[in-house]
Amino acid sequence: MKTKKIDLDVDYIGGQGSLTDAEEKALSEFFRQSKKTSNRAGNKRTTQVKRPNVTA
Numbered sequence: 013m014k015t016k017k018i019d020l021d022v023d024y025i026g027g028q029g030s031l032t033d034a035e036e037k038a039l040s041e042f043f044r045q046s047k048k049t050s051n052r053a054g055n056k057r058t059t060q061v062k063r064p065n066v067t068a
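In this note's numbering, the protein residues as written are 13 to 68.
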């Protein structure tokens, strides 16, 4: 059985016009928020427990 392949014209996906000011602000805000949440997850470090020096 032959599979069907859909050819996409990738030059025109999403339209040909530029973004509006509101769209640019919305995208920049989205990326800013995603960077903040990804930084929080990446900054979690395990703290090492300092053990006292015990001489017997």
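We put the beta carbon where it would ideally sit given N, CA and C, even for glycine.
Quick caveat, the model's predicted, so the values are computed rather than measured.
Reduced DSSP category for residue i - H, G, I as helix; E, B as strand; rest coil
i   : result
V61 : coil
Q45 : helix
K14 : coil
V22 : helix
Nearest-angstrom Cα separation, counted from residue j out to residue i
i   : j   : result
Q45 : A38 : 11 Å
T67 : Q60 : 21 Å
V22 : K48 : 31 Å
P64 : E41 : 48 Å
E36 : I18 : 31 Å
G29 : K16 : 31 Å
L31 : L20 : 22 Å
A34 : K14 : 45 Å
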